[in-house]
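Asks:
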Amino acid sequence: MTDQSPTVAGVSQHRALVTELPGPRSRALMERKTAAVASGVGTTMQVFAARAGGGVVIDVDGNHLIDLGSGIAVTTVGNGAPRVVEAVQEQVAAFTHTCFMVTPYDGYVAVAEALNRLTPGDHEKRTALFNSGAEAVENAVKIARVATGKHGVVVFDHAYHGRTNLTMAMTAKNMPYKHGFGPFAPEVYRAPVSYPFRDDKTVDGQVAAARALDLIEKQVGAENLAAMVIEPIQGEGGFIEPAPGFLPALVAWCRENGVVFVADEVQTGFARTGDLFACDHEGVVPDLIVTAKGIAGGLPLSAVTGRAELMDAVHSGGLGGTYGGNPLACAAALAAIETIEAEDLANRARQVERLMKERLHRLAANDARIGEVRGRGAMIAVELVVPGTTTPDAALTKEVAAAAHRAGVILLTCGTHGNVLRLLPPLAITDALLHEALDVFADVLADTP
Ligand SMILES: *Cc1c(COP(=O)(O)O)cnc(C)c1O
Numbered sequence: 006m007t008d009q010s011p012t013v014a015g016v017s018q019h020r021a022l023v024t025e026l027p028g029p030r031s032r033a034l035m036e037r038k039t040a041a042v043a044s045g046v047g048t049t050m051q052v053f054a055a056r057a058g059g060g061v062v063i064d065v066d067g068n069h070l071i072d073l074g075s076g077i078a079v080t081t082v083g084n085g086a087p088r089v090v091e092a093v094q095e096q097v098a099a100f101t102h103t104c105f106m107v108t109p110y111d112g113y114v115a116v117a118e119a120l121n122r123l124t125p126g127d128h129e130k131r132t133a134l135f136n137s138g139a140e141a142v143e144n145a146v147k148i149a150r151v152a153t154g155k156h157g158v159v160v161f162d163h164a165y166h167g168r169t170n171l172t173m174a175m176t177a178k179n180m181p182y183k184h185g186f187g188p189f190a191p192e193v194y195r196a197p198v199s200y201p202f203r204d205d206k207t208v209d210g211q212v213a214a215a216r217a218l219d220l221i222e223k224q225v226g227a228e229n230l231a232a233m234v235i236e237p238i239q240g241e242g243g244f245i246e247p248a249p250g251f252l253p254a255l256v257a258w259c260r261e262n263g264v265v266f267v268a269d270e271v272q273t274g275f276a277r278t279g280d281l282f283a284c285d286h287e288g289v290v291p292d293l294i295v296t297a298k299g300i301a302g303g304l305p306l307s308a309v310t311g312r313a314e315l316m317d318a319v320h321s322g323g324l325g326g327t328y329g330g331n332p333l334a335c336a337a338a339l340a341a342i343e344t345i346e347a348e349d350l351a352n353r354a355r356q357v358e359r360l361m362k363e364r365l366h367r368l369a370a371n372d373a374r375i376g377e378v379r380g381r382g383a384m385i386a387v388e389l390v391v392p393g394t395t396t397p398d399a400a401l402t403k404e405v406a407a408a409a410h411r412a413g414v415i416l417l418t419c420g421t422h423g424n425v426l427r428l429l430p431p432l433a434i435t436d437a438l439l440h441e442a443l444d445v446f447a448d449v450l451a452d453t454p
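So the sequence shown is numbered by the working numbering: it starts at 6 and just counts up by one.
1. Taking one C-beta from the region 426-445 and one from the region 191-207 each time, how about it: are there three or more such pairs within less than 8 Å?
2. Out of Asp398, Met316, Gly382, which has the shortest C-alpha to C-alpha gap to leucine 134?
3. Buried or exposed: glutamate 358, going by 16 or more other Cβ atoms within 10 Å of its Cβ?
4. Specify the secondary structure class of threonine 7 as computed by DSSP and reduced to three states.
5. Pick helix, strand or coil for methionine 50, following the three-state DSSP scheme.
6. Quick check: the Cα distance between leucine 34 and glycine 47, rounded to an integer number of angstroms?
7. Which same chain residues, not among the five before or five after alanine 14, have their C-beta less than 8 Å away from its C-beta?
8. Does the distance from the C-beta atom of leucine 429 to that of alanine 399 stay below 9 Å?
9. At what residues does the alpha helix (DSSP H) containing cysteine 284 begin and finish?
10. Roughly how many angstroms lie between the CA atoms of methionine 243 and arginine 277, to the nearest whole one?
11. Taking alanine 283 as the reference, which of Thr103, Ile148, Glu261, Gly380 has the closest Cα?
12. With respect to 8 Å, is the separation between the Cβ of glutamate 91 and the closest non-hydrogen atom of ligand 1 below this value?
13. Cβ-heavy atom distance between glycine 420 and ligand 1 below 8 Å?
14. Check each candidate in Val151, Asp372, Gln356 and name the one with the smallest Cα separation from proline 392.
15. How would you label glycine 67, buried or exposed, when you count the other beta carbons within 10 angstroms and need 16 or more for buried?
16. Would you give the residue range spanned by the alpha helix (DSSP H) that glycine 210 belongs to?
17. Cα separation between isoleucine 385 and glutamate 129?
18. Should arginine 427 be labelled buried (16 or more other beta-carbon atoms within 10 Å of its own) or exposed?
19. Give the secondary structure of aspartate 452 by DSSP, where H, G and I count as helix, E and B as strand, and everything else as coil.
20. Can you find the residues in the same chain that come closer than 8 Å, C-beta to C-beta, to valine 65, ignoring five residues on each side of it along the sequence?
21. Decide if asparagine 424 is buried, meaning its Cβ has at least 16 other Cβ atoms within 10 Å, or exposed.
22. Look at the alpha carbon of alanine 213 and the alpha carbon of glutamine 224, and state the distance between them as a whole number of angstroms.
23. Expressed to the nearest angstrom, what Euclidean distance is found between the alpha-carbon atoms of arginine 131 and alanine 308?
24. Does ligand 1 have even one heavy atom less than 8 Å from the beta-carbon of threonine 273?
25. According to DSSP, is histidine 366 part of a helix, a strand, or is it coil?
26. Cβ of alanine 341 within 9 Å of Cβ of threonine 81?
27. CB-CB under 7 Å to alanine 442, same chain, minus the five flanking residues each way: which ones, in chain order?
28. For ligand 1, I want to know if arginine 168 counts as a neighbour, meaning its beta carbon is within less than 8 Å of at least one of the ligand's heavy atoms.
29. Cβ of lysine 155 versus every heavy atom of ligand 1: is any distance shorter than 8 Å?
30. So, at 8 Å on beta carbons, what are the nonlocal neighbours of aspartate 285 in its own chain, with the 5 sequence-adjacent residues on each side left out?
31. Buried or exposed: where does glutamine 9 fall if 16 or more other Cβ atoms within 10 Å of its Cβ makes it buried?
32. Between the region 259-277 and the region 113-121, are three or more C-beta pairs nearer than 8 Å?
33. Does DSSP put lysine 183 in a helix, a strand or coil?
34. From which residue to which residue does the alpha helix (DSSP H) around threonine 402 run?
35. Tell whether a beta-carbon distance below 9 Å holds between isoleucine 375 and leucine 360.
36. Where does glutamine 356 fall in DSSP's three states?
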């Protein structure tokens with residue numbers, strides 16, 4: 006097995022368990038973690054990483070794990086992607102930080118140019134860079150408020166936008182993201198989303214949009230609304246893909262009513278869904294688009310890109326931050342974007358979708374606990390329910406994920422009800438590894454009562 010497996014970033018692309026999981030070194034590290042790290046910082050896996058490459062993570066005991074998580078949709082170009090490693094090494098030797106707001110550098114400008122070119126729409130754009138997804142979402146709201154002179158922000162059921170005060174207010178799920186952390190920022194309103202698996206069959210995209218817009222008009226009023234913020238496919242909320250027509254109807258309403266339409270593509274961006282951005286799927290052109298996660302091959306970077314007249318409405322000095330657009334992160338982003346374009350990773354994501362869905366639909370046909378297989382590209386969800394109902398089965402979901410972890414597959418869960426398994430492999434993963442991970446998944450599902 007080892008001999009035939011290709012090597013990426015020095016890591017043989019195969020699964021191998023040389024100890025039980027977690028092994029002795031991971032267990033010792035977990036003891037130190039418990040004693041030293043705040044317990045509010047949880048971990049999905051019980052093993053500690055030692056190195057990673059392509060679609061494999063090697064733990065401190067030498068086990069090779071198959072990565073179906075990509076560090077939460079971050080290492081889309083693969084872990085240790087060769088172009089990213091080289092670009093960062095070159096940049097770290099040149100300079101590590103000057104602060105773009107003090108002594109600017111070209112990497113930041115080049116990332117802004119790339120995002121202006123690649124994001125949906127051919128209007129004139131500007132970009133500002135930040136560190137995290139939440140920080141970029143906050144800045145999109147700041148920009149929309151200044152540009153419109155209004156305050157209200159509408160978000161949706163099942164939304165996830167981050168863990169800062171404003172983005173906690175925007176996030177739907179209480180536990181664990183919000184519980185006990187309030188009071189939250191005001192002027193945030195929640196509307197119903199389109200969730201085809203849980204909506205009545207009569208609720209198509211148009212009907213779901215009308216349902217949301219009616220509530221917004223009655224309870225908020227367009228004249229009070231600065232921005233509508235939505236994930237084109239909801240991530241943490243359960244990989245919820247709205248019915249066709251839902252997003253275009255929302256955008257049309259925002260245009261008519263002077264509301265800034267903000268697409269939070271932090272999880273869906275950069276080829277993850279089989280298009281460069283998930284908005285591209287239905288030709289949706291957001292006024293502002295927020296990106297992070299997959300942008301820089303694992304280095305912390307985020308961005309707000311949008312209409313020049315909105316972005317430039319903010320006074321000089323109003324946007325920024327000490328580390329925003331750090332030179333190492335910018336070098337990594339340029340290399341990640343080059344990789345996505347040169348290797349046509351959007352096409353690779355569509356291949357991954359075909360492979361995973363073909364296998365998962367076959368599993369679903371024989372297992373009534375699988376309520377739905379959905380998603381686009383390398384962002385695929387399996388929603389687990391009590392057979393014959395849509396009642397969420399969070400306990401089964403947790404057990405299946407834990408069994409997959411013990412078998413050497415990094416697998417994440419999501420969903421407001423905690424009953425969705427999400428498959429987010431790096432696009433550098435081989436078909437052989439994907440098949441093996443799906444074999445493991447089928448086995449653990451069969452073995453879990
Ligand atoms: C992860 C995520 C965020 C928050 O990003 P951080 O970098 O963790 O702050 C915001 N929006 C969406 C859709 C996300 O998936």
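Glycine included, every Cβ here is placed at the ideal spot set by N, Cα and C. Remember, it's a predicted structure, so these values are computed and weren't measured experimentally.
Replies: In terms of the structure at hand:
1. no
2. In the sequence shown, counting from the first residue as 1, residue 134 sits at position 129. The residue with the shortest Cα to Cα distance from leucine 134 is Met316.
3. On the sequence shown, residue 358 is found 353 positions in, with the first residue counted as 1. Label assigned to glutamate 358: buried.
4. In the sequence shown, counting from the first residue as 1, residue 7 sits at position 2. For threonine 7, the predicted model reports a pLDDT of 49, less than 50, meaning its position is unreliable; a value from the coordinates is still stated below. Residue state, collapsed to three classes: coil.
5. Translated into positions along the sequence shown, residue 50 becomes position 45. Here methionine 50 sits in coil by DSSP.
6. Locating residue 34 in the sequence shown gives position 29, counting from the first residue. Locating residue 47 in the sequence shown gives position 42, counting from the first residue. Going from the Cα of leucine 34 to the Cα of glycine 47 covers about 14 Å.
7. Sequence index remark: in the sequence shown, residue 14 carries index 9 (1-based). Counting only Cβ-Cβ distances below 8 Å, and skipping sequence neighbours, we find Ala57, Gly58, Gly59, Gly83, Asn84, Gly85, Ala86, Pro87, Val90.
8. The count along the sequence shown starts at 1 and reaches residue 429 at position 424. The count along the sequence shown starts at 1 and reaches residue 399 at position 394. Cβ atoms of leucine 429 and alanine 399: not closer than 9 Å.
9. Looking up residue 284 in the sequence shown gives position 279. That residue, cysteine 284, is in no alpha helix (DSSP H); it is neither H nor E in DSSP.
10. The residue labelled residue 243 in the question sits at position 238 within the sequence shown. The residue labelled residue 277 in the question sits at position 272 within the sequence shown. A quick correction: the sequence has glycine, not methionine, at residue 243. Linking glycine 243 to arginine 277 through their CA atoms gives a straight-line distance of about 16 Å.
11. Here residue 283 is taken as the residue at index 278 of the sequence shown, counted from 1. The candidate whose alpha carbon is nearest that of alanine 283 is Gly380.
12. The sequence position of residue 91 within the sequence shown is 86, counting from 1. No, the Cβ of glutamate 91 stays beyond 8 Å of every heavy atom of ligand 1.
13. Taking the first residue of the sequence shown as 1, we reach residue 420 at position 415. The answer is no for glycine 420.
14. Taking the sequence shown and counting its residues from 1, the one referred to as residue 392 is at position 387. When each option's Cα is compared against that of proline 392, the closest is Asp372.
15. Within the sequence shown, the letter at position 62 stands for residue 67. Per the 10 Å Cβ criterion, exposed.
16. Mapped onto the sequence shown, residue 210 falls at position 205. Start and end: 210-224.
17. Indexing the sequence shown from 1 puts residue 385 at position 380. Indexing the sequence shown from 1 puts residue 129 at position 124. Rounded to the nearest angstrom, the two C-alpha atoms are 33 Å apart.
18. Taking the first residue of the sequence shown as 1, we reach residue 427 at position 422. Result: buried.
19. As a first step, residue 452 must be located in the sequence shown, where it is residue number 447. Collapsing the DSSP output to three states places aspartate 452 in a helix.
20. What you label residue 65 is simply residue 60 of the sequence shown in a count that begins at 1. Excluding positions up to five away in sequence, the list reads Gly28, Arg30, Ser31, Leu34, Val52, Phe53, Ala54, Ala55.
21. By 1-based counting over the sequence shown, the position of residue 424 is 419. Label assigned to asparagine 424: buried.
22. One-based indexing of the sequence shown puts residue 213 at position 208. One-based indexing of the sequence shown puts residue 224 at position 219. C-alpha separation (whole angstroms): 17 Å.
23. Counted from its first residue, the sequence shown places residue 131 at position 126. Counted from its first residue, the sequence shown places residue 308 at position 303. Whole-angstrom Cα-Cα distance: 10 Å.
24. In the sequence shown, residue 273 corresponds to position 268, counting from 1. Checking the Cβ of threonine 273 against ligand 1 gives yes.
25. As a first step, residue 366 is located in the sequence shown; it is residue number 361 there, counting from the start. Helix.
26. In the sequence shown, residue 341 corresponds to position 336, counting from 1. In the sequence shown, residue 81 corresponds to position 76, counting from 1. Against a cut-off of 9 Å, the Cβ pair of threonine 81 and alanine 341 comes out as a contact.
27. The count along the sequence shown starts at 1 and reaches residue 442 at position 437. Excluding sequence neighbours, alanine 442 sits near Ile71, Leu73, Val414.
28. For the purposes of this step, residue 168 is identified with residue 163 of the sequence shown, where counting begins at 1. Checking every heavy atom of ligand 1 against the Cβ of arginine 168, one is found closer than 8 Å.
29. Reading the sequence shown from its first residue, position 150 is the one you call residue 155. No, Cβ of lysine 155 sits at least 8 Å from all heavy atoms of ligand 1.
30. Here the question's residue 285 lines up with position 280 in the sequence shown. Closer than 8 Å at the Cβ level, and outside the excluded window around aspartate 285, lie Pro125.
31. Working through the sequence shown from its first residue, we reach residue 9 at position 4. Result: exposed.
32. no
33. Along the sequence shown, read from residue 1 onward, the residue named residue 183 stands at position 178. The three-state reading of DSSP puts lysine 183 in coil, since its state is none of H, G, I, E or B.
34. Walking along the sequence shown from the start, residue 402 turns up at place 397. Looking at the DSSP string, the run of the alpha helix (DSSP H) that includes threonine 402 is 399-411.
35. Here residue 375 is taken as the residue at index 370 of the sequence shown, counted from 1. Here residue 360 is taken as the residue at index 355 of the sequence shown, counted from 1. Not closer than 9 Å, so no.
36. Stepping through the sequence shown from its first residue, residue 356 is reached at position 351. Helix at glutamine 356.
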